[in-house]
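Peer 1:
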Amino acid sequence: MPRATRKRSEAGLPVLRMRPIPKGRPTDPGALEEVRALLGDAPRRPDLLIEHLHRIQDAHGHLSARHLVALATEMRLTPAEVYEVATFYHHFDVVDDGETPPPALTVRVCDSIACELAGAGALIEALQDALGDQVRVTRSPCVGRCDQAPVAVVGENPVGTADVASVKAAVDDGSDGVQLPEYESFEAYMARGGYSAVHTCFGSARATEAMFDRIERFIEEADDSGLRGLGGAGFPAARKWQFVRAEPKPHYMVVNADEGEPGTFKDRYCLETHPHQVLEGMLIAACAVEADDVFLYVRDEYPAAREILSREIEVLKAWPELELPRIHLRRGAGAYICGEETGLIESIEGKRGMPRLRPPFPAQNGVFGLPTLVHNVETLYWLPEILRNGASSFAANGNDGHDGKRLFSVSGRVKRPGVYEAPNGITARQLIDTAGGMLDGHTFYAYLPGGASGGILPASKGDLPLDFGGKLAEHGCFVGSGAVVILSDHDRARDAALNVMRFFADESCGKCTPCRVGTAKSIELMRRDSWDRALLGELGTAMADASICGLGQAAPNPVRCVIEYFPEELES
Amino acid sequence: VSTSTEAVRFTLDGQPLEARPGETILQAARRNGVAIPHLCYADGTRTDGNCRACVVEIEGERTLAPSCARRPAQDMKVHSRSDRALHSQKMVLELLLSDMPDTAYRRDSELDFWARRLDVGEPRFAARSQPEPDFSHPAIAVRLDACIQCTRCVRACREVQVNDVIGYAHRGADAKIVFDMDDPMGESTCVACGECVQACPTGALMPAGVAAELTPAQSATPSEWYGPARPAAV
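Residue numbers (the working numbering), protein chains in the order written: chain A, 1 to 572; chain B, 1001 to 1234.
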């Protein structure tokens, strides 16, 4: 209602004069009180915007417009700044005035590649019918449990090898909370020599002058281990440290636990089984680059891992012999692109997770513009072993001509999908054997060597060594995060390619044209019975060449592979 | 960000060129009369490098680089008209063109200028589903069917005028320009400064009213720098 003041005219008649009221949505005092109560004494810094949005979403089940305006007021941001961040992340439900909030319980059914092979599509439809209006059933990108496909996450409770009965039982029982798995405790880790690497080699988790020589020696040695960034890019780990060390201090470090590449679940395995091994690796790397602050960014799909880390970091803090850097545990909100290191850095700063242009690289210009080391979880997982047993011993794990080992996430049509520790240079055929062979009634047909991004190869190429570069690269593919998805004669490569292209389109941040528009147009072209191979090829070349980040650059890989290796599937 | 104070010698399409301190490849090229298409870049606003129309090939680099955001290094060899660079420049323009309304909202659309200049023909992709126009504001017409998501209006509103009314919401193909919290522009906190209209390269944001559609806006258009749009002479 416009406010009015009453005046009298000379004739004594009342004059209604409209006073201007502020434009835009007013701040609702009640909503402001609620937001203040939820935020408590937490700092109102803009980089905490996503954390604060979580508090509101957790408390109310959605983000109402009035709460968003109130949060903007409370954090001294504009409504546009809050709205653009809230609508970027899948796990925030923005509800405008007059709109109906979603039901209290959401069941997210993964429809990424491994779960789709296991029948996620039919499960989603059946669940929508079976669960009724009181439960929201949505599709979700990969939730990192491809060994239990299909997966339906009831609230925060992941139901593996899900069917209507098991999901309905979880819904009816109210089993929608976080399930903490058994994991190696601090004491158990210490009993097998845990933290001896960081403790005896460096004497402390904080770098001191006396330690510089030891650190330099260690970095040289680690470089010989062949350890590469296992998030997917495969950049030599120790060389990253040298880049960061060359920059003026202070330095930051980021642990990228935003594992989202479809088919990948090895980082979750590391965090949910041996959290202290990861934490020790984190301290080693933080020490190596003399980082004062460490940001641990855990994807929202891994609430158990986040809870474990939260508990075990407290355990570490209580250990008097260890002087720690400041550790900040941050929670993602449903965005694959935040696994891209510069998208992740933007997200840590409380923004939309849109990748930055490079150069400058994070080693020069990372979190808050400071030199930042970004490591994937599994990279850190191997560091204590390298430090304790020596680099050459780690390098010796590789198959002929390959250095080191890693964790492969094997899923799809195999008998025992799971995480397998294996030498670099192992082949897809060997991994199938390791995983118990093909499912009964299935014949090895094709495989994705590196999740959604690494391309698709036919079984005839199943003996290529899986490692960064090398033969895979010659075939236009890459091993990336080590997610090997096995397809059988029941599947078509073009269906898998369409599945991953849908994923890329859903997960594109929307910043650059080749990716934002290119993924959408690719889907339209791939849905046709007959593919326009020339146009898809032209489009893919531009996406690979001109996109800002790895998402758009890799998105055309599966399409190119289908055209090159599976032409018979495209004959109508 | 480079703070070098010395000129940099590099080659562009085989021609030796000197970039002034701090100049990007795009700026140095333009100063020397070489036209590289660009849409999200505008003088006086922060460079965002998102449209990718200006990508060039730099020898020794794996992917193409946005010339608007890259400063040349000494002896760098840059190709703005190689087959590889032109392919992506034209594909970017074609992708954006495929989602444009049938009739342009301004005669000097920068997208149309560059599409003609690079001889980009009829787009071969199906159009996106288009949003409804927003005529709620008395002075500014919003027709996001002509939006190319270049975010020049966001930067104009947020960083030039510091009004911070315009945001870039949602993601992927759903990413869109919003006013406040996706409010009709006329109900938003917009103060009608007009900076976003000046910034918009395609007419998605225009002065309201029929006269505006007939008169080219007064912003610096590519034709001022590069002459009239015409099919590139081969």
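C-beta atoms are modelled at their ideal positions from N, C-alpha and C, and glycine is treated no differently.
Model, not experiment: these values are computed from the prediction.
(1) Are the beta-carbon atoms of Y420(A) and L487(A) separated by less than 8 angstroms?
(2) Anyone know if the C-beta pair for P262(A) and G451(A) falls short of 8 angstroms?
(3) Using the Cα positions of G334(A) and F88(A), report the straight-line distance between them to the nearest angstrom.
(4) Short of 6 angstroms in beta carbon distance, which residues of its chain neighbour A1042(B), apart from the five on each side in sequence? Order them along the chain.
(5) If contact means a Cβ-Cβ distance below 8 angstroms, which residues of the stretch 510-523 of chain A contact chain B?
(6) What are the residues of the stretch 1048-1068 of chain B that lie near chain A, defined by any Cβ-Cβ distance shorter than 7 angstroms?
(7) Less than 8 angstroms between the C-beta atoms of V164(A) and P158(A), yes or no?
(8) Using Cβ-Cβ distances below 9 angstroms, what residues of the stretch 91-107 of chain A are close to chain B?
(9) Got a sec: which bits of the stretch 1165-1178 of chain B sit with their beta carbon under 9 angstroms from any beta carbon on chain A, in order along the chain?
(10) Do you know offhand how far D491(A)'s Cα is from H375(A)'s?
(11) Are the C-beta atoms of T87(A) and some chain B residue less than 8 angstroms apart?
(12) What residue from M282(A), C287(A), A233(A) has the CA that sits closest to I313(A)'s CA?
(13) Between the Cα of V484(A) and those of D300(A), G232(A), G177(A), C287(A), spot the shortest distance and give me the residue it belongs to.
(14) Would you be able to state if there are at least three C-beta pairs under 8 angstroms between the stretch 268-275 of chain A and the stretch 385-401 of chain A?
(15) For H67(A), report the span of its alpha helix (DSSP H) as first-last.
(16) According to DSSP, what are the bridge partners of V154(A)?
(17) Buried or exposed: where does G454(A) fall if 16 or more other Cβ atoms within 10 Å of its Cβ makes it buried?
(18) Tell me, please, whether the CB atom of A1019(B) is closer than 8 angstroms to any CB atom in chain A?
(19) Does any C-beta atom of chain A lie closer than 8 angstroms to the C-beta of F1010(B)?
(20) Give me the Cα-Cα distance between V109(A) and P181(A), rounded to the nearest whole angstrom.
(21) Please report whether the beta-carbon of D1119(B) lies at a distance below 8 angstroms from any beta-carbon of chain A.
(22) Answer yes or no: does any C-beta atom of chain A fall closer than 8 angstroms to that of A1007(B)?
(23) Counting only Cβ pairs nearer than 8 angstroms, list the residues of chain A close to F1113(B).
(24) My assumption, with CB atoms under 8 angstroms, is that K511(A) sits in contact with N1032(B). Please give the rounded CB distance.
(25) In terms of residues, what are the limits of the beta strand (DSSP E) holding V1191(B)?
(26) Beta-carbon within less than 7 angstroms of L38(A)'s beta-carbon, same chain only, minus the 5 sequence neighbours each way: which residues are those?
(27) Please classify I21(A) as buried or exposed, where buried requires at least 16 other C-beta atoms within 10 Å of its C-beta.
(28) Does R25(A) have its Cβ less than 8 angstroms from a Cβ in chain B?
(29) Does the beta carbon of M1181(B) come closer than 8 angstroms to any beta carbon on chain D?
(30) Give the interface partners of A1126(B) over in chain A, defined as CB-CB distance under 9 angstroms, in chain order.
(31) Roughly how many angstroms separate the alpha carbons of I996(B) and I1025(B), rounded to a whole number?
(32) Using only alpha-carbon positions, find the residue among S347(A), L77(A), Q148(A) that is nearest to L117(A).
(33) Within 8 angstroms (strictly less), CB to CB, does S508(A) reach chain B?
(34) Keeping to the same chain, check which residues put their C-beta closer than 8 angstroms to that of K521(A); ignore five residues upstream and five downstream.
(35) Tell me the rounded alpha-carbon separation between P125(A) and P558(A).
(36) Pull the bridge partners of A483(A) from the DSSP assignment, please.
Peer 2: Taking the structure as given:
(1) no
(2) Going by C-beta atoms, P262(A) is nearer than 8 angstroms to G451(A).
(3) 9 angstroms
(4) R1152
(5) G510, K511, C512, T513, P514, R516, V517, G518, T519, A520, K521
(6) G1049, N1050, C1051, R1052, V1055, T1063, L1064, P1066
(7) no
(8) V94, D96
(9) V1165, I1166, G1167, Y1168, A1169, H1170, R1171, G1172, A1173, D1174, A1175, K1176, V1178
(10) 35 angstroms
(11) With its beta carbon less than 8 angstroms from one in chain B, T87(A) belongs to the interface.
(12) M282(A)
(13) G232(A)
(14) no
(15) 65-75
(16) V107(A), N157(A)
(17) By the neighbour-count rule (16 or more Cβ atoms within 10 Å), G454(A) is buried.
(18) no
(19) no
(20) 21 angstroms
(21) no
(22) no
(23) Residues of chain A passing the Cβ test: none, with the nearest at roughly 16 angstroms.
(24) Contact annotation, K511(A) with N1032(B): C-beta distance approximately 29 angstroms; criterion of less than 8 angstroms not satisfied.
(25) Where V1191(B) is concerned, there is no enclosing beta strand (DSSP E), given that its DSSP letter is neither H nor E.
(26) R55, I56, A59
(27) exposed
(28) yes
(29) No chain D is present in this structure, whose protein chains are A and B.
(30) K521, E524, L525
(31) The question about residue 996(B) has no answer here: the residues shown for chain B are numbered 1001 through 1234.
(32) Q148(A)
(33) Interface residue, yes.
(34) L539
(35) In the sequence as displayed, the identity of residue 125(A) is Glu instead of Pro. Their Cα atoms are separated by approximately 27 angstroms.
(36) S409(A)
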